[in-house]
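Enquirer:
Number of protein chains: 2
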Amino acid sequence: MPRYALLVEYDGTPFLGWQRQTTGLSVQQVLEDAAAPLNGGVPASSAASGRTDAGVHAEGQVVELTIAADLPPLRVREALNFHSRPHPVSVLKVARASEGWSARFSCIKRGYRYRILNRRARPALLQGRVWHVQQPLDAALMHQSAQPLLGHHDFSAYRAAACQAKHALRTLDRLDVVQAGEDIMVIAEARSFLHHQVRNMVGTLVQVGLGKRKPDWPRLILDARDRTLAGQNAPPAGLTFMFAQYKTGLPWADGLGTSE
Amino acid sequence: MPRYALLVEYDGTPFLGWQRQTTGLSVQQVLEDAAAPLNGGVPASSAASGRTDAGVHAEGQVVELTIAADLPPLRVREALNFHSRPHPVSVLKVARASEGWSARFSCIKRGYRYRILNRRARPALLQGRVWHVQQPLDAALMHQSAQPLLGHHDFSAYRAAACQAKHALRTLDRLDVVQAGEDIMVIAEARSFLHHQVRNMVGTLVQVGLGKRKPDWPRLILDARDRTLAGQNAPPAGLTFMFAQYKTGLPWADGLGTSE
């Protein structure tokens, strides 16, 4: 059956996360149900590059979707965006997936952005999109204390208790903390992440930014490999899945015009 | 009674606009009701620099608020942000207002930003924050056609039928159209605007951007002074009140820390 790659944006607020659940609505269910009209009336099957948690957003999630109908990619996009209304899920681009390509297993790099609103007043326009931290953070110190986490390590200290990965060895390529006024962004990139790894790292860096821990603390925790030591798991609303990169770029059809 | 200036952010989506209405919730009502505990238990009275319409947002609305209690500005901010929950209205800064200062009449410049999402796929993360235009827009041509609107003119062609201003003479200081990928922003600045002026100008510029009208059309409409000729009134969701400027800067108390 024809297989497609989708570039997907979503607001994670109303969903239980990417993965289909029996207890409520997920992004996967919205997409698979929206694809039913292209799949003989039954929900299609899909897999994502990154299985985001409840409340986590995406600007560039990559999804593979198998449907019965053989349609031009732009037609697939139009149909999915029509049938997924009014849910805050939007398919930005569609490509035909090549033989053997997997959204999850072919991915060679994933990027996340974590956004902190660092001011006293609560967010109005960014409600549900940021972690609101009211006490002043030292972003430069957070950045400095993040750098010793780069490279190939056992990240057991930063994984979730429920993490199902076989081992905790990961290679962290980037962990930048950048500030623009009251906006503090943590940019994390790696081939893959453990469950809750980004949010646990952010929660730990915030302890340093608040002055409650010294800058060498995030690395000491890494070396201790004890997941009870790390800072709090930062709330999901601040996290956005930004991109998934593949060895061979995907042949996106992204014409602004209507489908052919 | 003590009078304060407030710098206010809000998401306009759930409100009937700035102004208090008997038919539903307004930003003014949220703030005046939140101020009741500082005002002997009765709603306070307030006025805004710009009376935004239903669905229009603000990042930097300036409001004057009169309350019975004489409190440090940071205490006023904390109380308003506490009592206005969970509405998406947040008081960012508070200053004591000097004698004779008026949020509306002392204002010497106002700034608006209008945001267009120019792509085929509908917005997920920016739902309610943009005008979604699916056909390709030529932003450079829009900018070019906007420049002949600058200066002192009779803007009758761009005012709302319901506009209550005594005359339509206004001085437009800035009308820039800037593009960043699929994001197109219109930046408008003037001492004051007529009702719907920014949205009517944006709707007209979009006709040029779509190639449906020539670049000299916005100016021809201005000169004709006939409000039935302009392009559609662009939807409110794309509009944000960015700033109000005063001859003398306001002595904002904006400490990150807790109130004194």
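If you're matching them up, the sequences are chains A and B in order. If you use our numbering, the first sequence corresponds to residues 1 to 260, in order. If you use our numbering, the second sequence corresponds to residues 261 to 520, in order. Every residue, glycine too, gets a C-beta built ideally from N, C-alpha and C. Everything numeric in this text was worked out from a predicted model, so none of it was measured.
(1) What residue range does the alpha helix (DSSP H) around B/Leu334 cover?
(2) Please name the residue or residues paired with B/Val438 in a DSSP beta bridge.
(3) In terms of DSSP beta bridges, what is A/Val91 paired with?
(4) Classify B/Val421 as buried or exposed, calling it buried when 16 or more other Cβ atoms lie within 10 Å of its own Cβ.
(5) Using the three-state DSSP reduction, which class does B/Ile368 fall into: helix, strand or coil?
(6) Can you confirm whether A/Leu149, when its beta carbon is compared against all beta carbons of chain B, has any partner nearer than 8 Å?
(7) What is the rounded straight-line gap between the Cα of A/Leu220 and the Cα of A/Glu59?
(8) Would you call the CB atoms of A/Tyr10 and A/Val94 closer than 8 Å?
(9) Between A/Ser84, A/Gln134, A/Tyr246, which has its C-alpha nearest A/Ile108's C-alpha?
(10) Determine whether the beta carbon atoms of A/Phe155 and A/Leu205 lie at a separation below 8 Å.
(11) Can you find the residues in the same chain that come closer than 8 Å, C-beta to C-beta, to A/Met1, ignoring five residues on each side of it along the sequence?
(12) Taking its Cβ as the centre, do 16 or more other Cβ atoms sit within 10 Å of B/Leu223, making it buried, or is it exposed?
(13) Please look up how many angstroms separate the CB atoms of A/Arg119 and A/Glu182, rounded, as I've assumed it's under 8 Å.
(14) Among B/Met402, B/Trp391, B/Tyr372, B/Gly360, whose alpha-carbon lies nearest the alpha-carbon of B/Ala450?
(15) Give me the Cα-Cα distance between B/His427 and B/Arg419, rounded to the nearest whole angstrom.
(16) Measure the alpha-carbon distance for A/Arg261 versus A/Ser84 and round it to whole angstroms.
(17) Assign A/Gly17 to one of two classes, buried (16 or more other C-beta atoms within 10 Å of its C-beta) or exposed (fewer than that).
(18) Name, please, each residue of chain B whose Cβ falls closer than 7 Å to the Cβ of A/Gln61.
(19) Considering only the beta carbon of each residue, do A/Ala47 and A/Arg104 sit closer than 8 Å?
(20) Can you check whether the C-beta of B/Arg291 is within less than 8 Å of a C-beta belonging to chain A?
(21) Tell me, please, whether the CB atom of B/Val351 is closer than 8 Å to any CB atom in chain A?
(22) Is A/Arg51 close to chain B, meaning its C-beta is less than 8 Å from at least one C-beta of that chain?
(23) Please report the Cβ distance between B/Gly315 and B/Gly360, rounded to the nearest whole angstrom; I am assuming they are in contact, meaning their Cβ atoms lie under 8 Å.
(24) In this structure, what does DSSP give as the bridge partners for A/Arg115?
(25) Tell whether a beta-carbon distance below 8 Å holds between B/Val390 and B/Val323.
(26) Taking all protein chains shown into account, do 16 or more other C-beta atoms lie within 10 angstroms of the C-beta of A/Asp53, making it buried, or fewer, making it exposed?
(27) Closest Cβ-Cβ distance between A/Ala124 and chain B: below 8 Å?
(28) To the nearest angstrom, report how far apart B/Gln439 and B/Leu470 are at their CA atoms.
(29) By the criterion of Cβ-Cβ separation under 7 Å, what are the contact partners of A/Pro235 in chain B?
Expert: If we stick to the structure as given:
(1) Taking the first residue of the second sequence as 1, we reach residue 334 of chain B at position 74. 333 to 343 is the span of the alpha helix (DSSP H), which, as asked, contains B/Leu334.
(2) Here residue 438 of chain B refers to the residue found at position 178 of the second sequence. According to DSSP, B/Val438 bridges with B/Met445.
(3) The residue labelled residue 91 of chain A in the question sits at position 91 within the first sequence. Answer is A/Val8, bridged to A/Val91.
(4) Position 161 of the second sequence, counted from the first residue, corresponds to residue 421 of chain B. A quick correction: the sequence has Ala, not Val, at residue 421 of chain B. Per the 10 Å Cβ criterion, exposed.
(5) The residue you call residue 368 of chain B lines up with position 108 of the second sequence. It is a strand residue.
(6) Within the first sequence, residue 149 of chain A is the residue found at index 149, counting from 1. For A/Leu149, the answer is no, since every Cβ of chain B falls outside 8 Å of its Cβ.
(7) Here the question's residue 220 of chain A lines up with position 220 in the first sequence. Here the question's residue 59 of chain A lines up with position 59 in the first sequence. If I take the Cα positions, the gap works out to 33 Å.
(8) Working through the first sequence from its first residue, we reach residue 10 of chain A at position 10. Working through the first sequence from its first residue, we reach residue 94 of chain A at position 94. No, the Cβ-Cβ distance between A/Tyr10 and A/Val94 is not below 8 Å.
(9) Locating residue 108 of chain A in the first sequence gives position 108, counting from the first residue. Answer by Cα proximity: A/Tyr246.
(10) As a first step, residue 155 of chain A must be located in the first sequence, where it is residue number 155. As a first step, residue 205 of chain A must be located in the first sequence, where it is residue number 205. At a Cβ-Cβ threshold of 8 Å, A/Phe155 and A/Leu205 do not count as neighbours.
(11) Counting from one through the first sequence, the residue named residue 1 of chain A turns up at place 1. For A/Met1, where only same-chain residues beyond five positions count, the Cβ hits under 8 Å are Thr66, Ile67, Ala68.
(12) Residue 223 of chain B lies beyond the residue range present for chain B, which begins at 261 and ends at 520; the question has no answer from this structure.
(13) As a working note, residue 119 of chain A is residue 119 in the first sequence. As a working note, residue 182 of chain A is residue 182 in the first sequence. 4 Å between Cβ atoms; contact.
(14) If you number the second sequence from 1, residue 450 of chain B lands on position 190. Checked all of B/Met402, B/Trp391, B/Tyr372, B/Gly360; the closest Cα to B/Ala450 is B/Tyr372.
(15) Residue numbering aside, residue 427 of chain B sits at position 167 when the second sequence is read from its first letter. Residue numbering aside, residue 419 of chain B sits at position 159 when the second sequence is read from its first letter. About 10 Å.
(16) In this structure chain A extends from 1 to 260, so residue 261 of chain A is not present and cannot be described.
(17) In the first sequence, residue 17 of chain A corresponds to position 17, counting from 1. Buried, since its Cβ has 16 or more Cβ neighbours within 10 Å.
(18) On the first sequence, position 61 is the one that residue 61 of chain A refers to. Chain-ordered listing is empty here: chain B has no CB closer than 7 Å to the CB of A/Gln61, the nearest sitting near 10 Å.
(19) Numbered from 1 along the first sequence, position 47 holds the residue referred to as residue 47 of chain A. Numbered from 1 along the first sequence, position 104 holds the residue referred to as residue 104 of chain A. Yes, the pair counts as a contact, with Cβ atoms nearer than the cut-off.
(20) Within the second sequence, the letter at position 31 stands for residue 291 of chain B. In the sequence on display, residue 291 of chain B carries Leu and not Arg. So no, B/Leu291 is outside the interface.
(21) Start at 1 with the first residue of the second sequence, and residue 351 of chain B comes out as number 91. Chain A, which has a Cβ nearer than 8 Å to the Cβ of B/Val351, makes this yes.
(22) Position 51 of the first sequence, counted from the first residue, corresponds to residue 51 of chain A. Taking Cβ atoms only, chain B never reaches closer than 8 Å to A/Arg51, which makes this a no.
(23) Here residue 315 of chain B corresponds to residue number 55 of the second sequence, with the count starting at 1. Here residue 360 of chain B corresponds to residue number 100 of the second sequence, with the count starting at 1. The Cβ separation is near 33 Å, so there is no contact.
(24) Locating residue 115 of chain A in the first sequence gives position 115, counting from the first residue. A/Met185.
(25) Translated into positions along the second sequence, residue 390 of chain B becomes position 130. Translated into positions along the second sequence, residue 323 of chain B becomes position 63. One thing to note: B/Val390 has its Cβ no nearer than 8 Å to the Cβ of B/Val323.
(26) For the purposes of this step, residue 53 of chain A is taken as the residue at position 53 of the first sequence. Flag for A/Asp53 reads buried.
(27) Locating residue 124 of chain A in the first sequence gives position 124, counting from the first residue. Yes - at least one Cβ of chain B is within 8 Å of the one on A/Ala124.
(28) Locating residue 439 of chain B in the second sequence gives position 179, where the first residue counts as 1. Locating residue 470 of chain B in the second sequence gives position 210, where the first residue counts as 1. Roughly 15 Å between the two C-alpha positions.
(29) Locating residue 235 of chain A in the first sequence gives position 235, counting from the first residue. Within chain B, no residue comes near A/Pro235; the closest Cβ sits about 16 Å away, beyond 7 Å.
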